[in-house]
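So the protein sequences, as listed, match chains P and X.
Just so you know, we're using my numbering here: the first sequence kicks off at 36 and counts up by one.
Just so you know, we're using my numbering here: the second sequence kicks off at 36 and counts up by one.
Built from N, CA and C at the ideal position, the CB exists for glycine as well.
Given the structure is predicted, the values throughout are model-derived calculations rather than measurements.
Protein chains: 2
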Amino acid sequence: MQKYLLLIIVGLGLAASAAYLLAAKPVAAQTEQSSAVFDADGKLGLPTGFRNWVFVGAPLTPNGLNNGKANFPEYHHVYIEQKNVDAYLKTGSFPEGTVIVKELTRVLDPTFPDGSRTEPSGRGYFNGQYNGIDLTVKDSKRFAKTNGWGFFTFGHHPMPYDKTAAEKPVSECAGCHIANVAATDMTWVQFYPLLRDKPGY
Amino acid sequence: MQKYLLLIIVGLGLAASAAYLLAAKPVAAQTEQSSAVFDADGKLGLPTGFRNWVFVGAPLTPNGLNNGKANFPEYHHVYIEQKNVDAYLKTGSFPEGTVIVKELTRVLDPTFPDGSRTEPSGRGYFNGQYNGIDLTVKDSKRFAKTNGWGFFTFGHHPMPYDKTAAEKPVSECAGCHIANVAATDMTWVQFYPLLRDKPGY
Numbered sequence: 036m037q038k039y040l041l042l043i044i045v046g047l048g049l050a051a052s053a054a055y056l057l058a059a060k061p062v063a064a065q066t067e068q069s070s071a072v073f074d075a076d077g078k079l080g081l082p083t084g085f086r087n088w089v090f091v092g093a094p095l096t097p098n099g100l101n102n103g104k105a106n107f108p109e110y111h112h113v114y115i116e117q118k119n120v121d122a123y124l125k126t127g128s129f130p131e132g133t134v135i136v137k138e139l140t141r142v143l144d145p146t147f148p149d150g151s152r153t154e155p156s157g158r159g160y161f162n163g164q165y166n167g168i169d170l171t172v173k174d175s176k177r178f179a180k181t182n183g184w185g186f187f188t189f190g191h192h193p194m195p196y197d198k199t200a201a202e203k204p205v206s207e208c209a210g211c212h213i214a215n216v217a218a219t220d221m222t223w224v225q226f227y228p229l230l231r232d233k234p235g236y
Numbered sequence: 036m037q038k039y040l041l042l043i044i045v046g047l048g049l050a051a052s053a054a055y056l057l058a059a060k061p062v063a064a065q066t067e068q069s070s071a072v073f074d075a076d077g078k079l080g081l082p083t084g085f086r087n088w089v090f091v092g093a094p095l096t097p098n099g100l101n102n103g104k105a106n107f108p109e110y111h112h113v114y115i116e117q118k119n120v121d122a123y124l125k126t127g128s129f130p131e132g133t134v135i136v137k138e139l140t141r142v143l144d145p146t147f148p149d150g151s152r153t154e155p156s157g158r159g160y161f162n163g164q165y166n167g168i169d170l171t172v173k174d175s176k177r178f179a180k181t182n183g184w185g186f187f188t189f190g191h192h193p194m195p196y197d198k199t200a201a202e203k204p205v206s207e208c209a210g211c212h213i214a215n216v217a218a219t220d221m222t223w224v225q226f227y228p229l230l231r232d233k234p235g236y
C-alpha cells in the first residue's frame, strides 16, 4: 500500500512538472531544438560537446595521397546528434536545425610517402592531433539558396578553433554537395555505414 | 503562489522517487555498471548500443598496405561509454567493468593497389561495410593473469556477428597490449586524441 502511495505522489509530481514546464516556456521550443547558435550578424558560434554525439564515419584523405595538400587534412570524424540520426533513419531527411560536425585530425607522424606508418596492428594510418572543424546546419529559410543547408568552417588548423564562422560561398562547399549528394539531404551517407546500411546502434 | 505549490509537489514527487528507487534496488548496483554480460560458461555476450557510445579514434590498416591480409581489416572504430572516458580522463585508469569496443569496417571499393579510391574530397579511404568486433573488458579478478583485462572477438566478418565469444588466448590479443600499452591501462591511447590530448568534448 505504501508503495502505491509513493507511486501516486511520484505521478502527481511528474504531472505537475510537465504542466509547469509547458506553462513556463511557451515560445523558445523551436530554437532550442538546434545546437546552432547564430549571432546578430548571422555568424555561427563554435559548437561544443559534439565529440559526445553519434559518430557516423571517418573518411581519410591523407596529404601524402593528395600532392601534399588535401582539401580536408586529413581524417574527417563526422558527428550528428542522436535525435537527428534517428529522424534520418526513419524519414530519409534530417530535421530543421540539424548540425553535422566534421572534425579533422592529422595523421600521426608519417614514415612512408603516402602518410602511413607501421604499428603493432599493421601498416596504416592513426589519428594525430585535432586539426579543425567544418560544419553544416539545416535551416530551410536561412539557407534556401543552397538546398536548405548552410556551410561553415572554424579553420583547418590545430585547436583552439575559430570562435565564430561566416557562411562559406557556394563555390567552396555547398556546390559540391548540391552536385553530388542532393538526393540524400546534402549528406554523404554513402560513406557512413550507420546511415547507409541502417544496422541500428 | 500556484507556482510554488507546484514546485513543492514536484519536490515531494522527486524525493519519493529517489526513496522508492533506493529501497527497491539495494543489491544490483555493482554489476549494473558494466555492459559486459557473461554466461555460465564465462562466454561474453555480443554488446548492443555501442555505436551510440563515445567514439575515440579510427586507426586504419588497409589490406592493400598489409600484403592483402591485415590483422584487423580495415578501419577500427573505437567506442567507450562516456562514464568510463570521464573516469580515465580524471584518474588515468578505467573503472572495473569498462568495455572498449573496436568495430571494424572494410574500406569502400578500392581502385588503387593501396586500397584507396578517389572521391570529390580527394584520394583516400572511406568506410565500407561493417566487418566485425573485437572487444576488451576490465575485470581485475576474472582476468588477473592479463593485467585485469579480457580480450574477445565476435568475428572479423560482415554482420551478423557471433552472438557470444570465449576469451582469446594471451598470444592472440593480451600479449601485444601487455608488451606495448601496459602503462596506459592496456589501451592504445596514443591513437585516440580525446584520451591522449584531453581537449574535452
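Beta strand (DSSP E) segment containing residue i, residue limits
i, result
"residue 141 (chain P)", "134-142"
"residue 166 (chain P)", "162-173"
"residue 188 (chain P)", "184-188"
"residue 111 (chain X)", "110-115"
"residue 152 (chain X)", "152-154"
"residue 84 (chain P)", "Run containing residue 84 (chain P): none; DSSP gives neither H nor E here."
Distance cut-off 7 Å: residue i Cβ against heavy atoms of the ligand GDP
i, result
"residue 137 (chain P)", "Ligands in the displayed structure: none, and consequently the ligand GDP is not present."
Buried or exposed by the 16-neighbour rule on C-beta atoms within 10 Å, applied to residue i
i, result
"residue 140 (chain X)", "buried"
"residue 184 (chain X)", "buried"
"residue 200 (chain X)", "buried"
"residue 229 (chain X)", "buried"
"residue 234 (chain X)", "exposed"
"residue 106 (chain X)", "exposed"
Listed by chain order, chain P residues near residue i by CB distance under 7 Å
i, result
"residue 211 (chain X)", "155"
"residue 159 (chain X)", "94, 95, 96, 97, 100"
"residue 196 (chain X)", "Within 7 Å Cβ-Cβ: nothing; residue 196 (chain X) doesn't reach chain P, min ~10 Å."
Interface residues of chain P facing residue i [CB-CB closer than 8 Å]
i, result
"residue 81 (chain X)", "Correct list: empty, because the minimum Cβ distance to chain P is about 12 Å."
Inter-residue Cα distance where the pair is residue i and residue j
i, j, result
"residue 74 (chain X)", "residue 171 (chain X)", "16 Å"
"residue 191 (chain X)", "residue 165 (chain X)", "9 Å"
"residue 127 (chain X)", "residue 219 (chain X)", "7 Å"
"residue 169 (chain X)", "residue 116 (chain X)", "16 Å"
"residue 202 (chain X)", "residue 132 (chain X)", "15 Å"
"residue 211 (chain P)", "residue 222 (chain P)", "11 Å"
"residue 216 (chain X)", "residue 155 (chain X)", "38 Å"
"residue 103 (chain X)", "residue 159 (chain P)", "13 Å"
"residue 173 (chain X)", "residue 84 (chain X)", "18 Å"
Closer than 9 Å at the beta carbon, the chain P residues around residue i
i, result
"residue 149 (chain X)", "100, 149, 151"
Residue span of the alpha helix (DSSP H) that contains residue i, given as start and end
i, result
"residue 231 (chain P)", "228-231"
"residue 92 (chain X)", "Careful: residue 92 (chain X) lies outside any alpha helix (DSSP H), inside the beta strand (DSSP E) at 89-92."
"residue 237 (chain P)", "Since the first residue shown for chain P is 36 and the last is 236, residue 237 (chain P) is missing from the structure and cannot be characterised."
Interface partners of residue i on chain X, CB under 7 Å
i, result
"residue 105 (chain P)", "157"
"residue 68 (chain P)", "Result: empty, since nearest Cβ-Cβ is about 19 Å, beyond 7 Å."
Per-residue contacts from residue i into chain X (C-beta, under 8 Å)
i, result
"residue 162 (chain P)", "92, 93, 94, 226, 227, 228"
"residue 119 (chain P)", "The premise fails here: residue 119 (chain P) is roughly 13 Å from chain X at the closest Cβ pair, so nothing lies under 8 Å."
Discussion item. Taking beta-carbon pairs under 8 Å, can you tell me which members of the segment 83-95 of chain X lie near chain P?
Written reply: 83, 84, 85, 86, 87, 89, 90, 92, 93, 94, 95
Discussion item. Give me the subset of the segment 123-146 of chain X whose CB atoms are less than 8 Å from a CB atom of chain P, sorted by chain position.
Written reply: 140, 143
Fill in: Selection of the segment 164-194 of chain P by Cβ proximity to chain X, strictly under 9 Å
164, 165, 194
Discussion item. Closer than 9 Å between beta carbons: that is the criterion. Which residues of the segment 224-235 of chain X meet it against chain P?
Written reply: 225, 226, 227, 228, 229, 231, 232, 234, 235
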